[in-house]
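Residues in the sequence shown are numbered consecutively from 7, following my numbering.
Everything below concerns the one structure shown next.
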Amino acid sequence: MVLLDPNLERMELGPLQVVTVPTAPYPDQRPSSSGLRKKVYVFQSKKNYLHNFIR
């Protein structure tokens, strides 16, 4: 059998493992769409920046 997507094979082996990562918002994050209007380097340099905003 040939699989095009390597993730499909992993899903057939069993359920996915849930990983919980503790996070907290950064001081410069605001609860509006303007909070996402940041330079790319902000999202790249701060760990889990987008995840914290969505949470």
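Cβ coordinates follow ideal geometry from the N, Cα and C atoms, glycine included.
Lysine 45 and tyrosine 32 closer than 9 Å at C-beta:
no
How far does the alpha helix (DSSP H) with asparagine 54 in it extend, from its first residue to its last?
Where asparagine 54 is concerned, there is no enclosing alpha helix (DSSP H), given that its DSSP letter is neither H nor E.
Taking just the CA atoms, how far does aspartate 34 sit from valine 27?
21 Å
How many Å lie between arginine 43 and valine 24 at the Cα?
30 Å
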